[in-house]
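*Asks:*
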Amino acid sequence: MKNVHGKVMSIMRGCLKDLPTYQWLTVLPQLVSRICHQNEETVRLVKHIITSVLRQYPQQALWTMAAVTKSTVSSRRDAAAEIIQAARRGSSHGGSNSMFVQFASLVDHLIRLCFHPGQSKARTINILTEFSALKRMMPVDIIMPTQESLTVNLPSYDVNLTDSGTSDIFSYSDLPTITGIADEAEILSSLQRPKKIILMGSDGSERPFLCKPKDDLRKDARMMEFNAMINRLLSKCAESRRRKLYIRTFA
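Just so we're aligned, residue -9 is where the sequence shown starts under the working numbering, counting upward by one.
Shown next as structure tokens:
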């Protein structure tokens, strides 16, 4: 078993050296789920890969890391904090440190909004009065967490296996960032009373997002990844494109 482990680790180190960073971005959720692996050598390698992805693609990777940074399991939470600190120290993107700070603050505000009970029979929450700090921090240099902004479009063939620019692997060359939030959030009438918010984008769009407390969204995320893969396959087929076949997804 040790020999097998050694061979696997050798292959992974070779992949880390040879593969462009965007390839690892496609499997980032699976890597994040292994940050507390029982084998210390495996954990070190996984953390190194995730740190590299965070440095190269902080906008996308931070959204993937958001849940684990607030994990109720202290070991996972601490491991995530260690990775983010390492990424901040070695980031090659100007202004990334402020982005990391902004993102942490934004996530904290959204979590508080999730758990805000609201009035017993109220159907809305006034963001302007109840969450004035969230309003004041806008605009932020953080991308909208949409499928188009988070899903990697792998090039059909990369003979040089070199890192591509952000515009090459995502649907849009200029990914919209969050410039504001609507003054009111809708409280949906289900058991957990999730909040529906409207975020304004730098592209002039307004997109609805659901803030849901006390729920494990990992299964939803894996299902969306599967559906996104099916949509990519459908888009490559001329017949399915002609028939406009696709699975409707949400980020």
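The beta carbon of each residue, even a glycine, is placed where N, CA and C say it ideally should be.
Note that this is a predicted model, so its numbers are computed, not measured.
1. Does the distance from the CB of residue 74 to the CB of residue 115 come in under 9 Å?
2. Distance cutoff 9 Å, beta carbons only. Does residue 104 sit that close to anything in chain D?
3. Please say whether residue 96 and residue 134 have beta carbons closer to each other than 9 Å?
4. Hey, how far is the Cα of residue 6 from the Cα of residue 39?
5. Over what stretch of residues does the alpha helix (DSSP H) that includes residue 55 continue unbroken?
6. Check whether the segment 19 to 31 touches the segment 48 to 68, counting contact only when three or more Cβ pairs, one atom from each stretch, lie closer than 8 Å.
7. With a CB to CB cut of under 6 Å and the five nearest residues on each side skipped, what residues in its chain are close to residue 124?
8. Please go through the segment 98 to 151 and give each complete alpha helix (DSSP H) segment of 4 or more residues, from N-terminal end onward.
9. For residue 168, tell me which candidate among 87, 160, 190 and 183 has the shortest Cα-Cα distance.
10. Taking all protein chains shown into account, do 16 or more other C-beta atoms lie within 10 angstroms of the C-beta of residue 62, making it buried, or fewer, making it exposed?
11. Who does residue 171 pair with in a DSSP beta bridge?
*Replies:* Per the coordinate set shown:
1. no
2. In the structure shown, chain D cannot be found, because there is only a single protein chain.
3. no
4. 7 Å
5. 48 to 59 is the span of the alpha helix (DSSP H), which, as asked, contains residue 55.
6. Contact between the segment 19 to 31 and the segment 48 to 68 is present, because at least three Cβ pairs lie under 8 Å.
7. 99
8. You should have 117 to 120, 122 to 126 and 137 to 140.
9. Checking every option, the nearest Cα to that of residue 168 belongs to 190.
10. exposed
11. 189
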